[in-house]
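K.L.:
There are 2 protein chains.
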Amino acid sequence: MKVAIIGGVAGGASCAARLRRLDENAEIILVERGPYMSYANCGLPYHVGGVIQDEAELLVASAELFREQFNIDARVNCEAISVDAAAKTVDLRDLTMGDVTTVSYDKLVLSPGAKSVRPPIPGIDLPGIFEVRTVPDTRVIRQWIEKGSPFLSGMHKYSGFQTARPKTRAVVVGGGFIGLETAENLVHRDLDVTVVEMADQILMPLDREMALIAEKHLERHGVRLVLGDGVASFSPAQHGGLDVTTQSGSVYSADIVIVSLGVKPDTMLAKSAGVDIGERGGIRTDDRMVTSDPDILAVGDAVEVRDFVTGEWSLIALAGPANRQGRIAADVIAGRDARFRGTQGTSVIGLFDGTAAWTGQSEKALKRRGDDDYEKIYIYPNSHAGYYPGARPIAMKVLFRKSNRKLLGAQALGLDGVDKRISTLAFALQMGATIDDLAEAELCYAPPYGSAKDPVNFAGMVAADVLSGDMPIRHWDNAEEGFLLDVRELPELAVECVEGVKHIPLGQLRGRVDELPKDREILVVCRSGQRAYYATRMLLQMGLKASVVSGGMLSHFQNGVLDA
Amino acid sequence: MKVAIIGGVAGGASCAARLRRLDENAEIILVERGPYMSYANCGLPYHVGGVIQDEAELLVASAELFREQFNIDARVNCEAISVDAAAKTVDLRDLTMGDVTTVSYDKLVLSPGAKSVRPPIPGIDLPGIFEVRTVPDTRVIRQWIEKGSPFLSGMHKYSGFQTARPKTRAVVVGGGFIGLETAENLVHRDLDVTVVEMADQILMPLDREMALIAEKHLERHGVRLVLGDGVASFSPAQHGGLDVTTQSGSVYSADIVIVSLGVKPDTMLAKSAGVDIGERGGIRTDDRMVTSDPDILAVGDAVEVRDFVTGEWSLIALAGPANRQGRIAADVIAGRDARFRGTQGTSVIGLFDGTAAWTGQSEKALKRRGDDDYEKIYIYPNSHAGYYPGARPIAMKVLFRKSNRKLLGAQALGLDGVDKRISTLAFALQMGATIDDLAEAELCYAPPYGSAKDPVNFAGMVAADVLSGDMPIRHWDNAEEGFLLDVRELPELAVECVEGVKHIPLGQLRGRVDELPKDREILVVCRSGQRAYYATRMLLQMGLKASVVSGGMLSHFQNGVLDA
Chain W
39 MKVAIIGGVA GGASCAARLR RLDENAEIIL VERGPYMSYA NCGLPYHVGG
89 VIQDEAELLV ASAELFREQF NIDARVNCEA ISVDAAAKTV DLRDLTMGDV
139 TTVSYDKLVL SPGAKSVRPP IPGIDLPGIF EVRTVPDTRV IRQWIEKGSP
189 FLSGMHKYSG FQTARPKTRA VVVGGGFIGL ETAENLVHRD LDVTVVEMAD
239 QILMPLDREM ALIAEKHLER HGVRLVLGDG VASFSPAQHG GLDVTTQSGS
289 VYSADIVIVS LGVKPDTMLA KSAGVDIGER GGIRTDDRMV TSDPDILAVG
339 DAVEVRDFVT GEWSLIALAG PANRQGRIAA DVIAGRDARF RGTQGTSVIG
389 LFDGTAAWTG QSEKALKRRG DDDYEKIYIY PNSHAGYYPG ARPIAMKVLF
439 RKSNRKLLGA QALGLDGVDK RISTLAFALQ MGATIDDLAE AELCYAPPYG
489 SAKDPVNFAG MVAADVLSGD MPIRHWDNAE EGFLLDVREL PELAVECVEG
539 VKHIPLGQLR GRVDELPKDR EILVVCRSGQ RAYYATRMLL QMGLKASVVS
589 GGMLSHFQNG VLDA
Chain C
39 MKVAIIGGVA GGASCAARLR RLDENAEIIL VERGPYMSYA NCGLPYHVGG
89 VIQDEAELLV ASAELFREQF NIDARVNCEA ISVDAAAKTV DLRDLTMGDV
139 TTVSYDKLVL SPGAKSVRPP IPGIDLPGIF EVRTVPDTRV IRQWIEKGSP
189 FLSGMHKYSG FQTARPKTRA VVVGGGFIGL ETAENLVHRD LDVTVVEMAD
239 QILMPLDREM ALIAEKHLER HGVRLVLGDG VASFSPAQHG GLDVTTQSGS
289 VYSADIVIVS LGVKPDTMLA KSAGVDIGER GGIRTDDRMV TSDPDILAVG
339 DAVEVRDFVT GEWSLIALAG PANRQGRIAA DVIAGRDARF RGTQGTSVIG
389 LFDGTAAWTG QSEKALKRRG DDDYEKIYIY PNSHAGYYPG ARPIAMKVLF
439 RKSNRKLLGA QALGLDGVDK RISTLAFALQ MGATIDDLAE AELCYAPPYG
489 SAKDPVNFAG MVAADVLSGD MPIRHWDNAE EGFLLDVREL PELAVECVEG
539 VKHIPLGQLR GRVDELPKDR EILVVCRSGQ RAYYATRMLL QMGLKASVVS
589 GGMLSHFQNG VLDA
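Same order as they appear, the protein sequences are chains W and C.
Each residue of the first sequence is one higher than the one before, counting from 39 in our numbering.
Each residue of the second sequence is one higher than the one before, counting from 39 in our numbering.
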């Protein structure tokens with residue numbers, strides 16, 4: 039059995055190591071076009087910022103280790119340039135020496151990853167414009183920042199009586215994971231950072247109103263955000279550096295530009311092999327990671343995967359699924375049954391001291407598919423018991439099916455405990471959990487860690503109250519036309535309130551019900567929704583029509599959630 | 039509908055608030071024998087230590103709030119002294135005034151909680167011996183420490199040329215949650231702390247070898263542990279303070295003693311009502327929290343609950359289940375269907391900068407029941423990507439069914455990310471997840487938060503490799519008679535190794551296989567088990583008999599896991 043594995047990061051490396059464990063006698067060749075086998079690409083932005091100091095830390099397993107410990111013919115600086123599927127051979131070019139060799143295979147595994155999206159924007163190839171995809175990328179960025187450049191010298195001509203050297207200016211193009219992680223790391227290095235994003239929000243998998251929380255948090259940490267405005271051109275600036283001109287005509291000065299516009303599957307080799315490419319542009323495989331050619335498998339960022347919730351084909355460039363697919367490919371080659379169950383898109387990103395994370399379907403994804411069999415809630419539970427120091431609210435949006443009560447997706451942002459709740463909800467989603475399962479979950483509780491009603495429980499309880507009809511809810515996007523009743527205490531209204539709202543504190547409501555209209559739906563508001571729920575229960579049982587505005591004032595202003 | 043709820047903390051308070059939301063017209067009376075309604079008893083140890091500074095922080099919801107916001111007849115300092123189930127009345131004594139009133143009910147909810155176990159040890163009622171059960175308890179402890187006492191003055195007679203006042207000495211009797219949390223908090227207050235525990239380990243729900251990790255960590259933080267030795271007597275010491283004499287005859291000097299020997303259900307009222315008491319000594323209810331009297335319900339620490347995994351009756355004094363039971367009782371009273379699904383015993387405790395947490399069955403619980411349809415693994419994955427600063431190993435023991443691959447229980451200790459993994463595994467257990475579900479879970483991953491193979495994935499992968507036969511395993515308790523092969527590098531052996539072990543580094547193993555016996559099982563050891571797995575795969579495929587010693591050297595010495 040001779041197996042050629044193309045691509046030595048994540049999926050490819052996992053496949054090679056697993057295959058050796060399953061078959062001591064297989065002849066395994068593992069080729070990587072870059073200079074490093076199995077490097078930690080998720081760590082690259084943190085190396086730019088010096089959080090990860092030493093480049094060597096990023097090198098997970100060397101080619102030598104693959105050779106010595108696993109008896110694998112591991113080659114770096116080696117590019118697969120074409121596949122002859124009929125002959126079952128692959129041509130490899132040694133990028134150091136230039137010579138091409140033809141290697142035969144019984145099974146071929148494609149793990150080429152994804153390429154950066156790099157649109158033909160005028161000036162995109164100017165010096166000073168970088169990507170953050172490889173270890174060498176980060177090396178040149180670090181050198182550019184540390185040692186200066188022909189462009190940076192221009193800064194010293196800066197006029198005025200400045201007492202300090204002005205900050206080096208960075209423009210990051212793209213508000214996705216890598217762009218934002220790099221932006222944060224450039225702030226850590228004391229650069230003046232602007233993020234330019236064509237969409238009207240950062241972090242596209244989040245719904246717009248949740249992304250807003252992240253945006254305010256980044257701005258509070260000194261990142262300038264330019265949303266809804268794509269880059270039109272890059273050009274050399276008059277006094278050094280670059281001018282980044284946007285489609286709206288704005289110009290942003292930069293000493294360094296990071297382009298991070300996402301990735302697309304690298305299908306060059308797959309196309310040369312003649313295997314099927316899907317409608318999303320990725321290599322199409324079955325759930326055993328086998329392509330349309332039974333002897334060619336494919337894994338990682340280059341393949342299309344089924345969305346776990348909807349069953350639709352999707353592209354997800356994530357390390358976890360890539361590793362699991364690599365293992366599955368090895369199992370299948372070794373004659374075992376193993377299947378990939380699809381992806382939920384579970385993700386997390388650090389935003390300075392904050393965290394954003396999500397799993398499953400977003401509301402906009404549901405809407406895009408015309409799916410209206412869902413309800414959503416907004417809640418703001420504390421990360422742990424409120425009486426123990428350091429408790430922080432977590433902003434959570436939870437989506438669930440009206441018809442079968444199943445969890446559909448969740449998004450959360452906060453300063454503490456966000457990843458824990460989304461990991462738990464990700465597992466819940468995987469197991470087909472209902473909101474009742476969330477309500478009844480028995481999770482870790484002690485005052486420093488959670489609450490007797492954990493945010494996950496709380497989400498389930500609120501959702502169940504909504505579906506039972508105990509808690510009819512409305513959302514701010516169509517609430518302000520209704521009759522709004524604010525049941526908070528007077529000092530709270532002084533801080534922020536909706537204009538023209540009727541105010542009766544909860545404690546007085548039983549005695550003042552006749553101040554409310556009998557013929558209109560009363561939309562009850564408080565800080566986060568809890569007192570509004572109590573009030574709504576009271577009003578409903580008194581025969582009035584009432585509902586809770588989900589998430590209360592916190593949902594209205596999206597202020598103070600990460601930064602209270 | 040008139041409902042009397044006895045006990046105003048956790049279960050009782052939850053029941054009262056929920057019932058009001060479900061029935062605006064119910065007449066609800068909520069009585070609490072202590073001076074505070076709905077206080078945060080889980081926070082008491084942290085108030086002793088000053089982590090929670092203000093006593094008022096511990097008061098979650100006052101009697102006034104219950105009256106004003108919920109229209110509930112809430113009474114503190116009011117003790118229920120007997121129930122006449124035939125007449126459907128309960129006698130209440132006002133502890134301030136002393137007068138007794140008889141209250142009728144349609145439904146009665148018993149939420150009396152549990153009482154401290156307080157064995158008749160000679161001297162247990164001496165001044166200076168305290169419990170940590172109520173807000174007044176913590177107040178007297180704080181005063182005793184801050185202002186001194188007749189006993190503390192004895193310290194100043196301490197002989198010698200001391201330059202500093204000797205530390206106040208505390209003896210904590212009992213190594214459970216409250217005892218250890220209080221011990222830590224007394225260390226924070228700079229007391230010299232000794233914990234005396236009759237059992238041969240602390241934290242009884244943990245298996246012995248996992249508790250050992252916590253014990254070493256506590257000792258490293260200055261807590262003196264005396265295990266396997268119960269207290270025989272307390273007596274006034276010659277020069278002030280108390281002498282704590284153990285059954286082995288040792289004497290420990292104390293200026294203050296905290297007795298924390300666990301709790302037992304308070305069934306006084308239930309017995310007066312004539313409802314069934316179970317064999318574990320708790321009030322027996324069905325899964326709707328209804329006792330043997332259809333008009334009397336019971337919730338919280340006083341009731342027996344079904345173990346979620348085994349179905350056996352058990353006693354679990356935890357806030358989360360108590361709150362859920364309170365809600366269920368309210369639902370049932372309001373005529374709804376709601377059922378308690380049993381408890382997993384999910385728990386977490388902070389141990390200085392470390393954390394211990396667990397869910398489901400322990401190995402000793404399985405053994406106690408004669409259940410041998412299980413396997414166990416020990417793993418030590420990093421809390422997040424090893425290349426990102428601050429990654430710490432998590433010591434995990436995971437138990438699963440051999441016959442159906444289902445998760446049975448998990449225990450974890452570490453400095454970071456422990457509660458996250460146990461909460462996720464607790465949800466997995468609740469949903470009946472298999473080890474394959476763990477392996478395939480898609481959890482939050484970015485370098486500061488986890489790994490592409492999260493510890494939960496890793497647990498599932500290792501467990502699946504064990505059950506598939508890919509990774510035969512042994513455990514240290516019966517490993518040392520076998521032929522041990524250590525595949526670590528030479529410098530690692532210099533740090534610690536098992537005497538007489540055969541040593542071949544993994545990278546040399548393929549070439550040196552003939553140094554190994556063909557007729558004996560080779561037990562392979564490395565640091566944590568990963569290289570041993572690679573070696574075992576190699577040896578098995580070469581026709582030798584081999585297995586991995588689960589958890590490797592980390593499991594052998596249980597050193598350096600929390601304190602590397």
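Where is the CB? At the ideal position from N, CA and C, for every residue including glycine.
1. May I have a chain-ordered list of the beta strand (DSSP E) segments no shorter than 3 residues that lie completely inside the segment 229–261 of chain C?
2. Quick one: measure Cβ to Cβ for I368(C) and L133(C), integer angstroms, because I've assumed they're closer than 8 Å.
3. Along the chain, where does the beta strand (DSSP E) that runs through L451(W) open and close?
4. Quick check on H194(C): buried or exposed, where buried means 16 or more other Cβ atoms within 10 Å of its Cβ?
5. Can you list the residues of chain W that K491(C) reaches, using a CB-CB cut of under 8 Å?
6. Just to confirm my understanding: we take V586(C), look at its own chain, exclude 5 residues before and 5 after, and list those with CB closer than 6 Å. What are they?
7. Looking at the unbroken alpha helix (DSSP H) that takes in W182(C), where does it start and where does it end?
8. Identify which residue in L389(W), Q468(W), M135(W) and Q91(W) has its Cα closest to the Cα of D348(W).
9. Which runs of the alpha helix (DSSP H) at least 4 residues long sit entirely within the segment 491–540 of chain C? Give them in chain order.
10. What are the boundary residues of the beta strand (DSSP E) that includes L60(W)?
11. Could you check whether the segment 95–102 of chain C touches the segment 407–422 of chain C, counting it as contact only if at least three pairs of C-beta atoms, one from each stretch, sit closer than 8 Å?
12. Let me check understanding here. Comparing Cα to Cα, which of G266(W), D304(W), H277(W) and V301(W) lies closest to S288(W)?
13. If I'm right that H386(W) touches Y487(C) with Cβ under 8 Å, what's the distance once you round it to whole angstroms?
14. Mark S197(C) as exposed unless 16 or more other C-beta atoms lie within 10 angstroms of its C-beta, in which case mark it buried.
15. Using the three-state DSSP reduction, which class does Y416(C) fall into: helix, strand or coil?
16. With 8 Å as the threshold, decide whether the Cβ of A78(C) is near any Cβ in chain W.
17. Could you check whether the Cβ of D469(C) sits closer than 8 Å to any Cβ belonging to chain W?
18. Determine whether the Cβ of S588(W) lies closer than 8 Å to any Cβ atom of chain C.
19. Just tell me which of A372(W), R430(W), G278(W) and E527(W) has its CA closest to the CA of A450(W).
20. Based on the DSSP secondary-structure assignment, which residues constitute the bridge partners of G392(C)?
21. Any idea if H422(C) is buried or exposed, counting beta-carbon neighbours within 10 angstroms, 16 or more meaning buried?
22. Run through chain C and tell me which residues come within less than 9 Å of A544(W), C-beta to C-beta.
23. Output yes or no for whether 8 Å exceeds the beta carbon distance between E247(C) and L389(C).
24. Name, going along the chain, the residues of the segment 446–461 of chain W whose beta-carbon falls closer than 9 Å to a beta-carbon of chain C.
25. Mind checking E151(W): buried by the 16 CB within 10 Å criterion, or exposed?
26. Which residues in chain C have a C-beta closer than 7 Å to the C-beta of Y487(W)? List them in chain order.
27. Identify whether K195(C) lies in helix, strand or coil by the three-state DSSP scheme.
28. Check whether chain C comes within 8 Å of P427(W), counting only Cβ atoms and requiring the distance to be less than that.
29. Please name the residue, chosen from T284(W), D293(W), S273(W) and G268(W), that lies closest to R207(W) on a Cα-to-Cα basis.
30. By a C-beta neighbour count over all protein chains shown, 10 Å radius and 16 as the cutoff for buried, is Q546(C) buried or exposed?
31. Can you check whether the CB of E169(C) is closer than 8 Å to the CB of V2(C)?
32. Run down chain W in chain order and give the residues with a C-beta less than 9 Å from the C-beta of I90(C).
33. Note the first and the last residue of the continuous alpha helix (DSSP H) segment covering R326(C).
34. Tell me, please, which residues DSSP counts as bridged to E65(C).
35. From the DSSP output, in three-state form, read off V370(W) for me.
36. Measuring alpha carbon to alpha carbon, tell me which residue in V551(W), M591(W) and H594(W) is nearest A584(W).
P.N.:
Here's the rundown:
1. 230–235
2. Against the second sequence, residue 368(C) aligns to sequence position 330. Against the second sequence, residue 133(C) aligns to sequence position 95. Looking at the sequence shown, residue 368(C) is not Ile but Ala. Their Cβ separation, rounded to whole angstroms, is 26 Å, which puts A368(C) and L133(C) out of contact at 8 Å.
3. As a position in the first sequence, residue 451(W) is number 413, starting the count at 1. L445 to G452 is the extent of the beta strand (DSSP E) around L451(W).
4. On the second sequence, position 156 is the one that residue 194(C) refers to. Legend: pLDDT at H194(C) = 43, less than 50; position of this residue unreliable, value from coordinates given subsequently. Under this definition H194(C) is an exposed residue.
5. Along the second sequence, read from residue 1 onward, the residue named residue 491(C) stands at position 453. Per Cβ cutoff of 8 Å: G358 and N361.
6. Walking along the second sequence from the start, residue 586(C) turns up at place 548. Taken in chain order, the residues that qualify are M509, I511, V562, G567, A570, Y571 and T574.
7. In the second sequence, residue 182(C) corresponds to position 144, counting from 1. First-last of the alpha helix (DSSP H) with W182(C): V173 to K185.
8. In the first sequence, residue 348(W) corresponds to position 310, counting from 1. Note that residue 348(W) is Thr in the sequence shown here, rather than Asp. Closest option to T348(W), Cα to Cα, is Q468(W).
9. 493–505 and 528–533
10. As a first step, residue 60(W) must be located in the first sequence, where it is residue number 22. No beta strand (DSSP E) contains L60(W), which is instead part of the alpha helix (DSSP H) from G49 to L60.
11. no
12. Translated into positions along the first sequence, residue 288(W) becomes position 250. Here the closest residue by C-alpha is G266(W).
13. Within the first sequence, numbered from 1, the residue matching residue 386(W) stands at position 348. Within the second sequence, numbered from 1, the residue matching residue 487(C) stands at position 449. The amino acid occupying residue 386(W) in the given sequence is Val; His does not appear at that position. Indeed they touch by this definition, with Cβ atoms about 5 Å apart.
14. Your numbering for residue 197(C) matches position 159 in the second sequence. Residue placement at S197(C) is flagged as unreliable, the pLDDT there being 46, under the threshold of 50; the coordinate-derived value follows with that caveat. Classification of S197(C): exposed, given that the 10 Å Cβ count is below 16.
15. Taking the first residue of the second sequence as 1, we reach residue 416(C) at position 378. Y416(C): strand per DSSP, three-state reduction.
16. By 1-based counting over the second sequence, the position of residue 78(C) is 40. It does: the Cβ of A78(C) has a partner Cβ on chain W nearer than 8 Å.
17. Translated into the one-based positions of the second sequence, residue 469(C) becomes position 431. It should be noted that the sequence gives Met, not Asp, for residue 469(C). M469(C) counts as touching chain W.
18. Residue 588(W) sits at position 550 when you count from the first residue of the first sequence. Not closer than 8 Å to any Cβ of chain C, the Cβ of S588(W) fails to qualify, so no.
19. Position 412 of the first sequence holds residue 450(W). Minimum Cα distance to A450(W) is reached at R430(W).
20. The residue given as residue 392(C) occupies position 354 in the second sequence. BP columns for G392(C) point to L389(C).
21. Within the second sequence, residue 422(C) is the residue found at index 384, counting from 1. Buried.
22. Taking the first residue of the first sequence as 1, we reach residue 544(W) at position 506. This sequence places Leu at residue 544(W); Ala is not what is there. Going along chain C in sequence order, the residues near L544(W) (Cβ under 9 Å) are E106 and Q107.
23. Reading the second sequence from its first residue, position 209 is the one you call residue 247(C). Reading the second sequence from its first residue, position 351 is the one you call residue 389(C). Cβ atoms of E247(C) and L389(C): not closer than 8 Å.
24. G455, V456, D457, K458, R459, I460 and S461
25. For this step, residue 151(W) is matched to residue 113 along the first sequence. Before going on, a small fix: residue 151(W) reads as Gly here, not Glu. So G151(W) counts as buried.
26. Taking the first sequence and counting its residues from 1, one reaches residue 487(W) at position 449. By Cβ distance, chain C contributes V386 and D457.
27. By 1-based counting over the second sequence, the position of residue 195(C) is 157. Low confidence applies here, because K195(C) scores a pLDDT of 43, under 50, leaving its location unreliable; read the following figure in that light. Correct three-state label for K195(C): helix.
28. As a first step, residue 427(W) must be located in the first sequence, where it is residue number 389. Yes, contact with chain C.
29. Taking the first residue of the first sequence as 1, we reach residue 207(W) at position 169. When only C-alpha atoms are compared, the closest one is D293(W).
30. Position 508 of the second sequence holds residue 546(C). With fewer than 16 other Cβ atoms within 10 Å, it is exposed.
31. No answer is possible for residue 2(C): it lies beyond the span of chain C, which begins at 39 and ends at 602.
32. For the purposes of this step, residue 90(C) is taken as the residue at position 52 of the second sequence. The contacting residues are Y425, Y426, P427 and P485.
33. Position 288 of the second sequence, counting from 1, holds the residue named residue 326(C). From DSSP, R326(C) is part of no alpha helix (DSSP H); its letter is neither H nor E.
34. As a position in the second sequence, residue 65(C) is number 27, starting the count at 1. Per DSSP, K40(C).
35. Stepping through the first sequence from its first residue, residue 370(W) is reached at position 332. If DSSP states are grouped into helix, strand and coil, V370(W) belongs with the helices.
36. The residue labelled residue 584(W) in the question sits at position 546 within the first sequence. Taking only the C-alpha atoms, the option nearest A584(W) is V551(W).
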